[in-house]
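Asks: Protein chains in written order, with the numbering used here: chain A, 2 to 98; chain B, 4 to 996; chain C, 582 to 774. Ideal placement from N, C-alpha and C gives every residue a C-beta, glycine not left out.
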Amino acid sequence: MLLIRCPYCEMDRPELEFRYGGEAHVARPPDPMATTDEEWAEYLYFRSNPRGLHAERWRHIHGCGRFFNCIRDTVSDRITLTYKAGEARPTLDKGAA
Amino acid sequence: MSEPFRIAGTKGRPMRFVFDGIAYQGRAGDTLASALLANGVHLVGRSYKYHRPRGILSAGAEEPNALVAVTRGPGRMTPNLRATQVELFDGLTASSQNCWPSLAFDAGAINDLAGKFFSAGFYYKTFMGPKAAGSALWTKVFEPIVRQAAGLGARTTEPDPDRYAQFHAHCDVLICGAGPAGIAAALAAGQSGKDVILCDEQAELGGSLLHEATAGIDGKPARDWLAGALAELRSFANVRLMPRTQAFGYYAQNFVALSERVADHLPEMPEGARERLWQVRAKEVVIATGAIERPLVFPGNDRPGVMLAEAARLYLNRHGVKVGSRVVIVTAHDSAYRVALDLAAAGTTVAAIVDTRANPPAARLEEARNAGLRVVTSGTVIGTRGRLRVSSVGIAVVTGGVVGQPEWLACDAVLMSGGWTPSVHLYSQSRGKVVWSEDRQMFLPGVSVQAERSAGACKGTFALSEILKEGYRAGEEASGTARHRDFSVSGDSGTEGGMMGRLPRPAGGKGKAFVDFQNDVKADDIDLAVQEGMRSIEHVKRYTTTGMATDQGKTSNLNALAVAADRLGKSIPQVGLTTFRQPYTPVTFGAFAGANRGDLFDPVRQTPIHSWAAENGAAFEDVGIWKRAWYFPRAGEDMHKAVLRECRQARATAGIFDASTLGKIEVVGPDAAAFMEKLYTNPWAKLEPGRCRYGLMLNEAGFVIDDGVIARMADDRFHVTTTTGGAPRVLHHMEDYLQTEFPELKVWLTSTTEQWAVIAVQGPKAREIIAPLVNGIDLSKDAMPHMSIREGMVCGVPARVMRVSFTGEPGFEINVPADYGRSVWEAVWAEGRKFDAVAYGTEAMHVMRAEKGYIIIGQETDGTVTPDDLGLNWAIGKAKKDFVGKRSLIRPDMVVEGRKQLVGLLTENPATVLEEGAQITAGATPATGTRALGHVTSSYESPALGRSIALALVADGRKRMGETLYVPMPGGAIAVKIVAPVFVDPKGDRINE
Amino acid sequence: MSETGSMVDHAGMPASRHGPLDGLSLPGQTDFSVSRAVHAARFILRGESIHVSAFGPEVPDRLRASTAGSRAALWLGPDEFLLLAPGEDAEAIRNTLKPSLPAASTALVDVSHRQIGLTLEGRLAARCLSAGCPLDLGLASFPIGMATRTIYLKTEIVLWRQGDARFHVEVWRSFAPYLVGHLADALRGTNGL
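(1) Output the boundary residues of the beta strand (DSSP E) element that contains B:A717.
(2) Just to confirm, is the Cβ distance from A:E18 to A:G64 under 7 Å?
(3) Just to confirm the assignment, what range does the beta strand (DSSP E) spanning C:A622 have?
(4) Is there at least one non-hydrogen atom of the ligand FAD closer than 6 Å to the beta-carbon of C:A622?
(5) Which residue spans inside the stretch 829–898 of chain B form an unbroken beta strand (DSSP E) run of at least 3?
(6) On the criterion of 16 or more Cβ atoms from any shown chain inside 10 Å, does C:H694 qualify as buried, or is it exposed?
(7) Rounded to the nearest angstrom, how far is the Cβ of B:E204 from that of B:Q249, given a contact under 8 Å?
(8) Can you tell me where the beta strand (DSSP E) holding C:T677 begins and where it ends?
(9) Is it buried or exposed, B:P606, if we count other Cβ atoms within 10 angstroms and call 16 or more buried?
(10) Does the beta-carbon of B:S211 have 16 or more other beta-carbons within 10 angstroms, so that it is buried, or is it exposed?
(11) Cα separation between B:G550 and B:H542?
(12) Secondary structure at B:C179, three-state DSSP: helix, strand or coil?
(13) Under 8 Å between beta-carbons, which chain B residues line up against C:S630? List them in chain order, please.
(14) Whose Cβ in chain B lies nearer than 8 Å to the Cβ of C:R695?
(15) For B:M18, write down the residues that DSSP places opposite it in a beta bridge.
(16) Evaluate contact between the stretch 504–524 of chain B and the stretch 424–442 of chain B, counting only Cβ atoms and requiring at least three cross-stretch pairs below 8 Å.
(17) So which residues of chain B does C:R708 contact, with C-beta pairs closer than 8 Å?
(18) Could you please give me the residues that DSSP links to B:Y475 through a beta bridge?
(19) If you compare alpha carbons, which of B:G386, B:T334, B:L391 and B:R694 is closest to B:V378?
(20) Does any CB atom of chain B fall closer than 7 Å to the CB of C:N772?
(21) Spatial neighbours of B:L699 within its chain, please: CB distance less than 7 Å, with the 5 preceding and 5 following residues excluded, ordered by chain position.
(22) Considering only residues of the same chain and omitting the five flanking positions on each side of C:L657, which have a CB-CB separation below 6 Å?
(23) Would you call the stretch 627–638 of chain B and the stretch 813–825 of chain B in contact, with 3 or more CB pairs under 8 Å?
(24) Where does C:P758 land, buried or exposed, given buried means 16+ other C-beta within 10 angstroms?
(25) Output, in sequence order along the chain, the residues in the stretch 254–280 of chain B whose CB is closer than 8 Å to any CB in chain A.
(26) Looking only at DSSP bridge pairs, what is B:S99 linked to?
(27) What would DSSP say about A:D38, mapped onto helix, strand or coil?
(28) Out of C:S606, C:F613 and C:I674, point me to the one whose CA is closest to C:V692's CA.
(29) Would you give the residue range spanned by the beta strand (DSSP E) that B:N685 belongs to?
(30) Only counting runs of 4 or more residues, tell me where the alpha helix (DSSP H) segments fall wholly within the stretch 735–793 of chain B, in order along the chain.
(31) Could you work out which residues of chain C lie near A:E18, taking near to mean beta carbons separated by less than 7 Å?
(32) Here's a check: name, in chain order, each residue in its chain whose Cβ is nearer than 7 Å to the Cβ of B:N320, leaving out the five neighbours to either side.
(33) Under the three-state reduction of DSSP, which class applies to B:K630: helix, strand or coil?
(34) Between B:V289 and B:A188, which are expected to be in contact by the criterion C-beta below 8 Å, what is the C-beta distance as a whole number of angstroms?
(35) Mind checking whether B:R476 and B:V300 have CB atoms under 7 Å apart?
(36) Please check if any C-beta of chain A sits within less than 7 Å of the C-beta of B:T159.
Below is the structure:
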């Protein structure tokens, strides 16, 4: 069971309190009706699925209830850092993981 | 009774125990293994494949042979316990496994002669392909043999009466293993004041110190020093000592699982837990798990009486038990010399020390000579003899790679040592990569991946003085302290030597030399696997099953690896090491299940009205983890009759229904309506307070995920209802959009599902029934039309009363604070009785809503259904610029011809009730491979129509009105006519009454 | 165990209350006891930069509870608080607190019946909680006055430490028998601890 730092509680909390929410920084187009079918399909269905560092959404659903973002290594399952929803994705060099 | 192999004067209260029906005497402090050995019993089991007689090999958790079943009454039969770990108690009853009809005469031993069948890859070669599986050879010959032989032990079929507890625990320092390294680590960490847990799988803490008779520490005999150290540790309030506790799994972020045997050593099972599973989160971990002695690989090395050398020393020094009267020691390592010396001193005849090394250290040879013991150097073993117990061993000298003439030495025990394998299991489970040390010829812990360090023998440190020093240093490091403590050790013995793989054998030498005792894998099997093309140890392992038994190859993996490497002509690290997996030793299912069984397996959610339903004979159904009243049978009624009656009476006068499980969410804030506009397809801005609207929720892909009636309480407040099963999902979905896509909206969400008990009263008499109970609300048709909500008092309780219908009848849903639910229900019931109203359950609710063509999420929808598919385009706010899912509704696939649409079905024969989920085709006898046009989603006998009805999703369904299609079933196709999906009151006259 | 009392109105018969733990026996040993807590009025208060002087205790800091007399405010999330008060205060709170809050930036929802409160006391209280709650309940990690939403096996709870060996637990009503059943079971598994 992982420990995940909730950026709102500012505390490491057990994984059981969290729910995974898919890839982060996939912004909903501001005017969906203005998108082409291709653009909309890209938003709906296409994800980066990287090997290595992955920015993803989690929710502290059984804690403070907040969605936040997290950089997790999909190879080692290690979480490098977590940050609040709405904050920009931090730049990380690969070596940092 | 007389314990012939117990040394006179051994202390310990005598205890009686029974093994395979024979009563014996043992002592307090014994394991079952030591007690059996005290009685001269070596033969304790039959092997897995060949049913060869097997004896006790070791004295610890690594034991591969001595697996026993302990029986303590109904439901209390535990198989596959290692006799070396079973603590003796007065009255213990144990039995051997894997033998029939008896241990001494086992019919399955024929397998030993039929050994060719069971060579490496037996399973793959014999059972390949469907022909083999169906053949007479399989059913008549192999299957019975395999069934007879398969598995280890038997299980009980009775429920387990014992209690298993689980706890989370947190500590600063977790020390796994309480041998000298672990004890020293705990002394250091204990002084730091940090929270320390020291666990060990044995009943007594101390590890090898418990049987150390030669060495002294700080001027005291090792055992006395240990007693002092344990007393010191007990004086620390911050140190928790956990004997009988195995650290069996190391997981991410220093999460370590421990299993504690709380009561297996007690003659009477106590009230409390039998075992406890501890999930420990440690800031720092010290791994001090010691090392396991390696067997030597020679023909007949599995005969009872052939044991690991140090085990014999343990039985002697700790339990006062001699494993034999005349022993031969075969060793590749110094440590067996101290075994020989201790045994000789205790009066056992040591016929010879056969050292595989040409030049053992001079100090060892001198020790042996001083004790008058014969040492054979450059020795090997060519075989053993004896039926159920070793009676002699053939030894020989190897000169220039040639094995000389054998000399047969009479003996009743052969004690072997191939050296020591560091127990790197926990380190490896922590994701650390073990490193091969070429000069030490062992795998050692490499770089730490987590906050852990190894100390002592598990790190390849074997000198007691070094072990203590290293352990203490590890404790200091883990607890962040530095107070040096020196340990002066006297009488430390040698630590040189060790070998892996088979002993030298004469040319053409034969005989089964076992590598893996528990899975009956021979050195020859490994050879064969390599010969047949297996190159990696992972392949060899799977092909031969070496290391795959319950002992996970603790004594065998390195020998198997060495045999394979030798055959491949590669180095050991080139062949690779198999992965160490959790658990280190088997853990009972009970420990994993804990209290999560029976009534406590899942929460069983009951509504505030549940007790009334139970008292009034309701049958319940599970809806998720809710219990819902399903139907209310009267005397002599089955479900069918009860449901028909409930539906008829509800439409005739009224029915009362517990709708409390419906999800409820209070959406509050100045932007509440704007938020609802985004999350539901419908328009909300203009819905007036006091009015309700059916809401449809889509996911972003445009598919229907939930629905429910939504009431506007005020400009800035909505009372949202969701499906029963969808409540948490809908709230999560709403929070997701609110927090991450529309954070600018000033609106807040609160679940009120359990705040309200909901009593639905449906039927033409609904208004008359509730009217006497309601205060402050004008219930008249004009004042309170269909789809409206009012706040007032019901039975003196503040209530939200909605005029809604899920039946097609005029109806009300009374929301009262949950604690009042039952009481208000009773009041409604009393009023209802005046009109012959019925209580109805979920089944009647389903029938009536289907008659009216109302969908159920998850029944008419499956995650691929759009509003248009359901004929619900009317629920979409056409003027809205955006809502979740809107853009997807115009994707090409969503507007294409041929989508499945909701329709009604009427069977040609009105008595035929279709099966839900059945496929629908154009022809009565579709050819194989024909694509179905759709499927039945709901199907009932309709009391209102007096015939069967069904709802279905059918391709282009709305264009097919009046068409006849078919539902092919095993008994023949059923003809169905496509009709509109509303069967009762399509114009909605009744509902507005 | 049930909260007694009834509300009488001039129309209709008075309704009485029935709680989810009615008829269940709760652990009552010295080492560990479970009892119904005094608080019976509960509100979820959500919003931004909230001040609730009209309630009593000011909204607390992150992961804390604040108390004044018999009233308490618990931090559940950055914009979510649980207000607890004795049952008889419910009407007064509704009448005074709601008007004092800025409607543009707050939401107040009555959840008095949604959940129940339990007091867990005794030497083994933290231990029994740790049977289902994965948080570190040591005094250093979970000090007196700390409050948080968390889990206990398969149910969500709100946990508030009121003393070395005293916790207040809030649980949704239909999950209460499950929670209490497991707590009682956990106590039985503490033999020798």
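Replies: On the basis of the supplied data:
(1) As a working note, residue 717 of chain B is residue 714 in the second sequence. Element bounds for B:A717: V707 to A717.
(2) Residue 18 of chain A sits at position 17 when you count from the first residue of the first sequence. Residue 64 of chain A sits at position 63 when you count from the first residue of the first sequence. It is a contact, given that the beta carbons lie within the stated cut-off.
(3) Within the third sequence, residue 622 of chain C is the residue found at index 41, counting from 1. From DSSP, the beta strand (DSSP E) with C:A622 extends over H620 to G628.
(4) This structure lacks the ligand FAD; in fact it carries no ligand of any kind.
(5) none
(6) By 1-based counting over the third sequence, the position of residue 694 of chain C is 113. The residue in question, C:H694, is buried, as its Cβ has 16 or more Cβ neighbours within 10 Å.
(7) Start at 1 with the first residue of the second sequence, and residue 204 of chain B comes out as number 201. Start at 1 with the first residue of the second sequence, and residue 249 of chain B comes out as number 246. Contact holds; Cβ gap of about 4 Å.
(8) Position 96 of the third sequence, counting from 1, holds the residue named residue 677 of chain C. That residue, C:T677, is in no beta strand (DSSP E); its alpha helix (DSSP H) goes A671 to S681.
(9) Working through the second sequence from its first residue, we reach residue 606 of chain B at position 603. B:P606 is buried by the Cβ-count criterion.
(10) One-based indexing of the second sequence puts residue 211 of chain B at position 208. B:S211 should be labelled buried.
(11) Taking the second sequence and counting its residues from 1, one reaches residue 550 of chain B at position 547. Taking the second sequence and counting its residues from 1, one reaches residue 542 of chain B at position 539. Taking the straight line from one Cα to the other gives about 12 Å.
(12) Against the second sequence, residue 179 of chain B aligns to sequence position 176. Note: B:C179 maps to strand in three-state DSSP.
(13) Here residue 630 of chain C refers to the residue found at position 49 when the third sequence is read from its first residue. Correct list: empty, because the minimum Cβ distance to chain B is about 12 Å.
(14) Position 114 of the third sequence, counted from the start, is the residue given in the question as residue 695 of chain C. In chain order: S754, T755, T756, E757, Q758 and A821.
(15) Counting from one through the second sequence, the residue named residue 18 of chain B turns up at place 15. Paired residue(s): B:G29.
(16) no
(17) Locating residue 708 of chain C in the third sequence gives position 127, where the first residue counts as 1. Those are F170, listed as they occur along chain B.
(18) Taking the first residue of the second sequence as 1, we reach residue 475 of chain B at position 472. In the DSSP output, where bridge partners are listed per residue, B:Y475 has none listed.
(19) As a working mapping, residue 378 of chain B is identified with position 375 in the second sequence. Comparing Cα-Cα distances from B:V378 to each of B:G386, B:T334, B:L391 and B:R694, the minimum goes to B:T334.
(20) Position 191 of the third sequence, counted from the first residue, corresponds to residue 772 of chain C. Judged by the 7 Å Cβ criterion, C:N772 is in contact with chain B.
(21) Taking the second sequence and counting its residues from 1, one reaches residue 699 of chain B at position 696. Same-chain partners within the cutoff: Y683, T684, N685, V707, D710, P870, L875 and A878.
(22) Looking up residue 657 of chain C in the third sequence gives position 76. So the qualifying residues of the chain are L663 and R730.
(23) no
(24) Position 177 of the third sequence holds residue 758 of chain C. The residue in question, C:P758, is buried, as its Cβ has 16 or more Cβ neighbours within 10 Å.
(25) Y254, A255, Q256 and F258
(26) As a working note, residue 99 of chain B is residue 96 in the second sequence. B:V71.
(27) As a position in the first sequence, residue 38 of chain A is number 37, starting the count at 1. Residue state, collapsed to three classes: helix.
(28) The count along the third sequence starts at 1 and reaches residue 692 of chain C at position 111. Minimum Cα distance to C:V692 is reached at C:I674.
(29) Mapped onto the second sequence, residue 685 of chain B falls at position 682. From DSSP, B:N685 is part of no beta strand (DSSP E); its letter is neither H nor E.
(30) 769–773
(31) Your numbering for residue 18 of chain A matches position 17 in the first sequence. Within 7 Å Cβ-Cβ: T731 and I732.
(32) Residue mapping note: residue 320 of chain B aligns to position 317 of the second sequence, counting from 1. H214, A216 and D345.
(33) Mapped onto the second sequence, residue 630 of chain B falls at position 627. Three-state result, B:K630: strand.
(34) Against the second sequence, residue 289 of chain B aligns to sequence position 286. Against the second sequence, residue 188 of chain B aligns to sequence position 185. At roughly 5 Å, the Cβ-Cβ gap stays under 8 Å, so B:V289 and B:A188 are in contact.
(35) Your numbering for residue 476 of chain B matches position 473 in the second sequence. Your numbering for residue 300 of chain B matches position 297 in the second sequence. No, the Cβ-Cβ distance between B:R476 and B:V300 is not below 7 Å.
(36) Within the second sequence, numbered from 1, the residue matching residue 159 of chain B stands at position 156. Chain A, which has no Cβ nearer than 7 Å to the Cβ of B:T159, makes this no.
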